[in-house]
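Undergrad: Right, I'll just put the structure down here and ask away after.
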Amino acid sequence: SAIPAPNASCKNLCHRHQLFINFRDLGWHKWIIAPKGFMANYCHGDCPFSLTTSLNSSNYAFMQALMHAVDPQIPQAVCIPTKLSPISMLYQDNDDNVILRHYEDMVVDECGC
Amino acid sequence: ALGQTFQFQENVFLQFLGLDKVPSPQKFQPVPYILKKIFQDREAAATTGGSQDLCSIKNLGVRGNVLRLLPDQGFYLYSKDLPQASCLQKLLYFNLAAIRDKEQLTMAQLGLDLGSNTYYNLGPELELALSLVQEPRVWGQSISTPGKPFALQSVPWPQGVLRFNLLDVAKDWNNNPQKNLGLFLEILVKGDRDFGVNFQLEDTCARLRHSLHASLLVVTLNPEQCHPSSRKRR
Chain A
4 SAIPAPNASC KNLCHRHQLF INFRDLGWHK WIIAPKGFMA NYCHGDCPFS LTTSLNSSNY
64 AFMQALMHAV DPQIPQAVCI PTKLSPISML YQDNDDNVIL RHYEDMVVDE CGC
Chain B
5 ALGQTFQFQE NVFLQFLGLD KVPSPQKFQP VPYILKKIFQ DREAAATTGG SQDLCSIKNL
65 GVRGNVLRLL PDQGFYLYSK DLPQASCLQK LLYFNLAAIR DKEQLTMAQL GLDLGSNTYY
125 NLGPELELAL SLVQEPRVWG QSISTPGKPF ALQSVPWPQG VLRFNLLDVA KDWNNNPQKN
185 LGLFLEILVK GDRDFGVNFQ LEDTCARLRH SLHASLLVVT LNPEQCHPSS RKRR
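Quick mapping for you: the protein sequence lines, in order, are chains A and B.
So the first sequence is numbered by this note's numbering: it starts at 4 and just counts up by one.
So the second sequence is numbered by this note's numbering: it starts at 5 and just counts up by one.
Here it is, written out as structure tokens:
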């Protein structure tokens, strides 16, 4: 299920798009004890020059946006995750083992150019 | 086609989770408090954005990123010629096949849950003898302890969960699966204590057989997902 972006004005600009995967929709709630699902957020949107001067962008993005303004053949800077967090999964396998496993860099918390 | 595509993605995601197919457990195992606690602590840390070392299990004081609770797949030994004070004899067996070759074992803790921790119906003093099964045998009859017990413990019963460190044993089993013939557990009743009532040995032991629950908590470190030492990522 997609969670609508907070304000529509920057809809096309680079930002985090929230997407929640409910394990019940996959029928996985029968073997995954916790959590109930996980945030499959993703980054998408334009990185115009004006945005690259904001906090969440890197110097490289500023330079690339500048070069794109001079020569549109040079692609715009790209929208990527700038902060990620791990998830833990508690589940049962086919041998009746209860397993707790940690996966790092699984959830996108913030995006930037 | 869409369904087919989705099916493909599901398999890819399962492999990412380290699974070869969707588990379909027949009965749910009880989740021990420690696993719930570690899970909740991780969730809280991820929510607050605090940095966390995914390759250390603070609550247990070991390095590792996969915890497995293996249920006991052994069975009780019944025989009419059990030694007088012997309350029960049980083979304990844990299937380590779920542990992948590249994973390093950092903890293996046997948990023996003898039943609720209450002082109202204090049972007799118990003595537990735990020994390695060294060679295959026919389990039709009770046996005297197969090897020298490597763990002996005397406890008032009911006692709650007793824990034994089996890391070296589990490493040996993991490196030489043919050696994994299980453990032999014998629980003896030390009848020298008088409770003022004449407790029936058999129904005491029947209660114990009913309440005994064994499991092996195994922690492993996957070097592909965890840096060898606790080197922080730049």
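By construction, the Cβ of each residue, glycine as well, lies at the ideal position given by its N, Cα and C atoms.
The model shown is predicted, which means the values in this text are computed figures rather than measured ones.
Quick check: is the beta carbon of B:L6 nearer than 8 Å to any beta carbon in chain A?
TA: Caution applies to B:L6, whose pLDDT of 49 falls short of 50 and renders its modelled position unreliable; the value that the coordinates give is listed next. Output row for B:L6: interface = no.
Undergrad: Taking B:R72 as part of the beta strand (DSSP E), name the residues at either end of that continuous run.
TA: V70 to P75
Undergrad: Report the partner residues of B:T110 according to the DSSP bridge assignment.
TA: In the DSSP output, where bridge partners are listed per residue, B:T110 has none listed.
Undergrad: Going by beta-carbon coordinates alone, are A:G115 and A:S61 separated by less than 8 Å?
TA: The Cβ-Cβ distance between A:G115 and A:S61 falls below 8 Å.
Undergrad: Roughly how far, in whole angstroms, is the beta-carbon of B:E131 from the beta-carbon of B:L205, given that I think they are within contact range, below 8 Å?
TA: About 14 Å separates the two Cβ atoms, so there is no contact after all.
Undergrad: Straight-line CA distance for B:L118 to B:K94?
TA: 13 Å
Undergrad: Can you name, in chain order, every residue of its own chain whose Cβ lies under 6 Å from the Cβ of B:Y97, other than the five neighbours on each side?
TA: Q77, G78 and G186
Undergrad: Assuming A:C82 is part of the beta strand (DSSP E), what are its boundary residues?
TA: Here A:C82 belongs to no beta strand (DSSP E), and DSSP marks it neither H nor E.
Undergrad: On the CB-based measure, 16 or more other CB atoms within 10 Å of its CB, does A:Y94 come out buried or exposed?
TA: buried
Undergrad: Whether or not the segment 93-111 of chain A and the segment 62-82 of chain A are in contact is what I'm after, with contact meaning three or more pairs of Cβ atoms, one per stretch, closer than 8 Å; do they touch?
TA: no
Undergrad: What residues match up with A:R19 in a beta bridge as DSSP calls it?
TA: The bridge partners DSSP lists for A:R19 are A:C46.
Undergrad: Is A:D28 close to chain B, meaning its C-beta is less than 8 Å from at least one C-beta of that chain?
TA: no
Undergrad: Could you tell me which chain A residues have their CB closer than 8 Å to the CB of B:E14, listed as they occur along the chain?
TA: L29
Undergrad: State the Cα-Cα distance for the pair B:P75 and B:S215, rounded to the nearest angstrom.
TA: 15 Å
Undergrad: To the nearest angstrom, how far is the alpha carbon of A:K86 from that of B:D176?
TA: 41 Å
Undergrad: Compare the Cα-Cα distances from B:H92 to each of B:Y80, B:N99, B:A102 and B:L71 and report the closest residue.
TA: Note that residue 92 of chain B is Leu in the sequence shown here, rather than His. Comparing Cα-Cα distances from B:L92 to each of B:Y80, B:N99, B:A102 and B:L71, the minimum goes to B:Y80.
Undergrad: Identify which residue in B:S60, B:E190, B:N99 and B:N179 has its Cα closest to the Cα of B:P227.
TA: B:S60
Undergrad: Who are the neighbours of A:L93 on chain B, taking C-beta pairs under 8 Å?
TA: V35, L39, K40 and F43
Undergrad: How many Å lie between B:L116 and A:P7 at the Cα?
TA: 50 Å
Undergrad: At the level of alpha carbons, what is the spacing between B:F32 and B:R72?
TA: 14 Å
Undergrad: Give a yes or no on whether 8 Å exceeds the smallest Cβ distance from A:I77 to chain E.
TA: The chain inventory of the structure shown lacks chain E, comprising the protein chains A and B.
Undergrad: Please confirm if A:R19 has its CB atom under 8 Å from at least one CB of chain B.
TA: no
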